[in-house]
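Step one of this worksheet: look at the structure below.
Number of protein chains: 4
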Amino acid sequence: MPLPAEFHEIAKRVNNWGRWGADDEIGTLNLITDAVVRDAAATVRTGQRIPLALALQQDGVQSGLIPGRVNPLHAMVQINQELFGPGTVATSDDVVTLGLQAATHWDALTHASHSGKIYNGRPAATVTAHGGAQFSSIAAPPHLVSRGVLLDVARARGVDRLPGDHAVTPEDLDAAEEFGGIRVRAGDIVLVRTGQIQAYLAGDKHAYAYPSPGLSIRTPEWFHARDVAAVANDTLTFEIFPAEIEDLWLGVHALDLVEMGMLQGQNWNLEGLSTACAEARRYGFLLSAMPEPFVGATGTPVAPVAVL
Amino acid sequence: MPLPAEFHEIAKRVNNWGRWGADDEIGTLNLITDAVVRDAAATVRTGQRIPLALALQQDGVQSGLIPGRVNPLHAMVQINQELFGPGTVATSDDVVTLGLQAATHWDALTHASHSGKIYNGRPAATVTAHGGAQFSSIAAPPHLVSRGVLLDVARARGVDRLPGDHAVTPEDLDAAEEFGGIRVRAGDIVLVRTGQIQAYLAGDKHAYAYPSPGLSIRTPEWFHARDVAAVANDTLTFEIFPAEIEDLWLGVHALDLVEMGMLQGQNWNLEGLSTACAEARRYGFLLSAMPEPFVGATGTPVAPVAVL
Amino acid sequence: MPLPAEFHEIAKRVNNWGRWGADDEIGTLNLITDAVVRDAAATVRTGQRIPLALALQQDGVQSGLIPGRVNPLHAMVQINQELFGPGTVATSDDVVTLGLQAATHWDALTHASHSGKIYNGRPAATVTAHGGAQFSSIAAPPHLVSRGVLLDVARARGVDRLPGDHAVTPEDLDAAEEFGGIRVRAGDIVLVRTGQIQAYLAGDKHAYAYPSPGLSIRTPEWFHARDVAAVANDTLTFEIFPAEIEDLWLGVHALDLVEMGMLQGQNWNLEGLSTACAEARRYGFLLSAMPEPFVGATGTPVAPVAVL
Amino acid sequence: MPLPAEFHEIAKRVNNWGRWGADDEIGTLNLITDAVVRDAAATVRTGQRIPLALALQQDGVQSGLIPGRVNPLHAMVQINQELFGPGTVATSDDVVTLGLQAATHWDALTHASHSGKIYNGRPAATVTAHGGAQFSSIAAPPHLVSRGVLLDVARARGVDRLPGDHAVTPEDLDAAEEFGGIRVRAGDIVLVRTGQIQAYLAGDKHAYAYPSPGLSIRTPEWFHARDVAAVANDTLTFEIFPAEIEDLWLGVHALDLVEMGMLQGQNWNLEGLSTACAEARRYGFLLSAMPEPFVGATGTPVAPVAVL
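Residue numbers (the UniProt record's numbering), protein chains in the order written: chain P, 1 to 308; chain C, 1 to 308; chain X, 1 to 308; chain Y, 1 to 308.
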């Protein structure tokens, strides 16, 4: 079944293939210039830091619905081991196995494809089991530091948490900007808060997963118009789930990752940041959200931090 | 065989147990205050960002010498999978298994113990296979953002790379400060460059591993005097290896992690930073080096970034 | 809370420490002599083979109740990869991560300990994160081939599946012997069928896990009297769960593994074997159930096969 | 570069596609009938058992040459953990990550493909990252028990170990049959001993890997003529490596697995069996070599046992 015409029309409008050259692998991250980062650092006023990652643990957000996407399994290979003989200094070592998209994470641009293509028009077949993504893997971005902007849609609408059938629209984003007294600029990393992660934090993984508020198929055009560098939110699916349009599952993924070449983040815990921004009455900050450079990977756990 | 008297004498002088209360789990990270971070952000002038992590790949720095500390194994669980039917948007997912101390990483305070104790005098037996480290795991630090200071010992001494038997001394640190025109302050994260990682980058893991320049047993007192928050360098072993003092293996680990409660980082790639600092003639910058919050873990991969 | 007196009384009666020497690591597997195996081979009449392992898959019997015991995670590292160039012969390779006790498995003798001891009186502390079990790991048994005897307790009682609160007693074992027209001998591997695994096969992991019929605390004496080499059944917990005696959890594990030194198997699918034995009216057969020799491991997946 | 004409000629002669129906997934394992297994059991005379698996350990046969094929990584998740409270019975649990082709293993028929096809003419594209091999995975064979025959080529030629450039030919197999006083029959599992594994057992993984004696491209016709069910040997590569014919790498794999549908085993330790057979002057025995039924997998560790 082909993707609906509506998808292709939006795709045409947000497409960035070739914009940064045929060899480009990082898409809208090109918009994070030195000047953007310098200005981002200048937004810091108090030095308060808000970490945005969920704890990495076996009882994580995954409930088994997505095949192969496993919560972190932590295991010890050394415990207070006196490697140099009895009475010597001892060390502990551990190993972990996890799905790279399991917890608070970035999707690489190659996390999605459609019609046989990935970002910049390359063949989807350049992602293989032998080495993973040859282009646009999560090791491609040299860094992810920029100005962060919290668009607190839930708070702007006066609710703790958006209902499960709420598609976050461009109008919601506009309203959240106004609420926050901030305007999103080129190179910003935008964090969209729905409050949905409260379900997980309260212990209900299933309610967290589905149904879930999330970004509308209409938002990619908004992000494209603003030249946003990357977008993250506090849901499992990023976009509203189930989908807004019949027969168009993961349409936002396809528009953001494939057409625009814009990184997406999921399962970000924005609760503490929401409180801090509301208290400080400032919704712009320095954000560091460095991907772990797993070669060939289509995603990575990330431990983002906002500095206010 | 008991630890030598010399160790215990230094230990007494650098011990921080109780300094931040009996319940403290993060040691010298307490020294990173809001003010320190605010000032760190103020050091940013150009917005240039230098990432400091090695690529995470199977051909990583581990050569099999350290049991269980395995290089990252990346594998695909979905490749362009049309989960919602033929012709729909496709996704790729992947999983990874790795030793938490395998690549560019932070040691948690619990990575080392001696005489049955971990940092703050807790029993080493609080690290178990069931849940890992109950206290002072790598999930304990709320963040790791501060001013970073590069002490480029190799460049200060006019060499590309320190010889394998060079123990970096307090005098070396003083000289590197002077060379860089900077003075290390409370709450700083200090990066000590030896150049040793050039061996790995040139493809020789064994030469990288051993023998290796590294920090002298005399440096913990220097870091303690300056109230440094954390220290990282560009070697596999952090401290000089083989050890300076007979029968005192991993003495620096024990002093830094157990006695002082100061995090250590290893396998950091400081080559690009060395060049950038030399060109900018500035050795202080904003550093973000957020640990992935693996619950119970005694270490974590980290993707640090310096913003100049 | 100390183990109840009743436990210690039984323990005294079934204890085999020292019986095969102070250096012994395999306990009752010593009872499988060449003669026993020769006679086991002689029981084969038709050559029919019945495999007894559950499929190894992510949707396996584990439901997350037991920390760290994860279902198999299968992932590809090569898919039809033409390693020697385009057009050459291609290969596919894969990796797996799994809990060694997750699926159809053998417990090693070291899977359980009590009062600080493992089988043969060795310290439980000989199991460490560094190398696992130094003694009596699952790599210790040279083989697990013998006569298998199905004690089909469910069928003997005329039910498909024992109720969840049914503790299989020595009297049940006697009755199943009589029903099957067979007498358990020294060196036999006994398979005790409850029918409980039907719950898992029908898709209900939770009903499978708990409450579960299983072996009574009184059965170790029966197995000891008969000099059984090993026992397996078709439940998650092996013994009745919840336990028969207050404050005595895993008492059968402690008696079988620690005191007697007798291997236990769990999650064996005995449904097909039950049918085959009933049709053939024979309950003795050749059984091969080789452990994968994971060095230091306290358990292993196993793919047993009965040859009738 | 297309496969050479010589390959295609042999392929035509050994091809079994359709022989057991269009739906068949197990190829020559169909030749193991009840009668074959009954006769195999009847070969047992002494009950002596010889295990054929290498120890599963991190210091296994893999040296890093084959991407993603990692030696077993064993780690503890519970060590003497008193799950039900202090003083209760304790348990130890562990997890493992390993390449399914890393140690003593069976290749599934889907381990190899050529010209876009797997066994029985199915598309190679039926092997995907999402679930692995849809057909002919290692979970397809219901069992692997049959008569085993040791063809001790090294001993028949009067050497401990064949030289690295020795391609085992049909003539070698004939001579080994004669030496052993045995004739290979339909349904047999043939074990071909080269002695090469002595290099690994002596600690030299590199000498073990390459150059290696192994089966000649001419042997598939011999196995086909005899209607052998499966073949295993004591090398890393199974076939001679480097290859006999220029531009024909892994030709034996393609003929055995893809064309004939005959399972291959590698890294089997046949040293003890060689001694036992020589002493007993019998080269036929009961062999149990059950694959672990990993769903979708293209290989599996196996712990084979010969019963003499």
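Glycine residues also receive a C-beta, built at the ideal position from the N, C-alpha and C atoms. Please read all numbers here as calculations on a predicted model, not as lab measurements.
{"Check": "How far does the alpha helix (DSSP H) with Ile79(X) in it reach, from first residue to last?", "Outcome": "Here Ile79(X) belongs to no alpha helix (DSSP H); instead the beta strand (DSSP E) covers 73–81."}
{"Check": "Distance check for Ser274(X) and Leu150(X), CA to CA, integer angstroms please.", "Outcome": "8 Å"}
{"Check": "Verify the CB distance criterion: does residue 357(X) have a CB-CB separation below 9 Å to chain C?", "Outcome": "In the structure displayed, chain X extends from 1 to 308; residue 357(X) sits before or after that span and is not available."}
{"Check": "So Pro51(P) and His143(C) are supposed to be a Cβ contact under 8 Å. How far apart are they, rounded?", "Outcome": "5 Å"}
{"Check": "Nearest chain C C-beta to Val307(P) closer than 9 Å, yes or no?", "Outcome": "yes"}
{"Check": "Please report the Cβ distance between Thr235(C) and Gln196(C), rounded to the nearest whole angstrom; I am assuming they are in contact, meaning their Cβ atoms lie under 8 Å.", "Outcome": "5 Å"}
{"Check": "Report all residues from its chain with a CB closer than 7 Å to the CB of Pro291(X); omit the five preceding and five following residues, and keep chain order.", "Outcome": "Trp106, Ile138, Pro141, Leu144, Thr300, Val302"}
{"Check": "Could you give the uninterrupted runs of the alpha helix (DSSP H) lying entirely in the stretch 112–169 of chain Y, keeping only those of 4 residues or more?", "Outcome": "153–156"}
{"Check": "Give the range of the alpha helix (DSSP H) segment to which Gln198(P) is assigned.", "Outcome": "197–201"}
{"Check": "Could you check the C-alpha separation between Lys12(X) and Pro211(X) for me, to the nearest Å?", "Outcome": "29 Å"}
{"Check": "Does any CB atom of chain X fall closer than 9 Å to the CB of His130(C)?", "Outcome": "yes"}
{"Check": "So is Gly85(X) in contact with chain P if we call contact Cβ pairs under 9 Å?", "Outcome": "no"}
{"Check": "Return yes when the Cβ of Gln57(P) is within less than 9 Å of the Cβ of Val295(C), no when it is not.", "Outcome": "yes"}
{"Check": "Counting beta carbon pairs with one atom in the stretch 62–72 of chain C and one in the stretch 35–43 of chain C, are three or more of them shorter than 8 Å?", "Outcome": "no"}
{"Check": "Step through the CB atoms of chain P and report whether any lies within less than 9 Å of the CB of Pro67(X).", "Outcome": "yes"}
{"Check": "For Thr97(C), go through chain X and note every residue whose CB falls closer than 7 Å to its CB, in chain order.", "Outcome": "Thr97"}
{"Check": "Just list the residues that DSSP pairs Trp106(X) with in beta bridges.", "Outcome": "Gly265(X), Thr300(X)"}
{"Check": "List the endpoints of the continuous beta strand (DSSP E) containing Arg49(X).", "Outcome": "49–51"}
{"Check": "Compare the Cα-Cα distances from Arg226(Y) to each of Glu177(Y), Asp247(Y), Asn269(Y), Phe238(Y) and report the closest residue.", "Outcome": "Glu177(Y)"}
{"Check": "Counting along the chain, where does the beta strand (DSSP E) carrying Ile10(X) start and finish?", "Outcome": "From DSSP, Ile10(X) is part of no beta strand (DSSP E) but of the alpha helix (DSSP H) over 5–14."}
{"Check": "Give the residues of chain X in contact with Ala75(P), contact being defined as C-beta atoms less than 8 Å apart.", "Outcome": "Gly68"}
{"Check": "Quick one: list the residues of chain P neighbouring Asp256(C), beta-carbon separation under 9 Å, in chain order.", "Outcome": "The premise fails here: Asp256(C) is roughly 11 Å from chain P at the closest Cβ pair, so nothing lies under 9 Å."}
{"Check": "Can you find a CB in chain Y that lies within less than 9 Å of the CB of Asp94(P)?", "Outcome": "yes"}
{"Check": "For Phe135(P) versus Arg147(P), is the C-beta distance shorter than 9 Å?", "Outcome": "no"}
{"Check": "Which residue from Pro72(Y), Gly265(Y), Val36(Y), Leu250(Y) puts its Cα closest to that of Gln48(X)?", "Outcome": "Val36(Y)"}
{"Check": "When we look at the beta-carbon of Ala186(Y) and count the other beta-carbons within 10 Å, is it buried (16 or more) or exposed?", "Outcome": "exposed"}
{"Check": "For His253(X), which residues in chain Y fall below 8 Å Cβ to Cβ?", "Outcome": "Val89, Thr91"}
{"Check": "Could you spell out the range, first to last residue, of the beta strand (DSSP E) harbouring Arg45(Y)?", "Outcome": "Careful: Arg45(Y) lies outside any beta strand (DSSP E) and carries neither H nor E."}
{"Check": "So is Gln101(P) in contact with chain C if we call contact Cβ pairs under 9 Å?", "Outcome": "yes"}
{"Check": "Quick check on the burial criterion: 16 or more other C-beta atoms within 10 angstroms. Buried or exposed for Ala280(Y)?", "Outcome": "exposed"}
{"Check": "Using a Cβ-Cβ distance cut-off of 9 Å, determine whether Gln266(X) contacts chain P.", "Outcome": "no"}
{"Check": "In chain order, what residues of the same chain lie with their CB nearer than 6 Å to the CB of Ala75(C), ignoring the 5 residues before and after it?", "Outcome": "Val95"}
{"Check": "With Ile79(P) and Ala129(X) assumed to form a contact (beta carbons below 8 Å), what rounded beta-carbon distance in angstroms separates them?", "Outcome": "4 Å"}
{"Check": "Answer yes if the stretch 157–164 of chain Y comes into contact with the stretch 198–213 of chain Y, meaning at least three C-beta pairs across the two stretches below 8 Å, and no otherwise.", "Outcome": "yes"}
{"Check": "Just how far apart, CA to CA, sit Glu171(P) and Ile32(C)?", "Outcome": "40 Å"}
{"Check": "Below 8 Å on the Cβ atoms is my contact criterion, and I expect Ala230(X) with Leu263(X) to pass it. Report the Cβ-Cβ distance as a whole number of Å.", "Outcome": "4 Å"}
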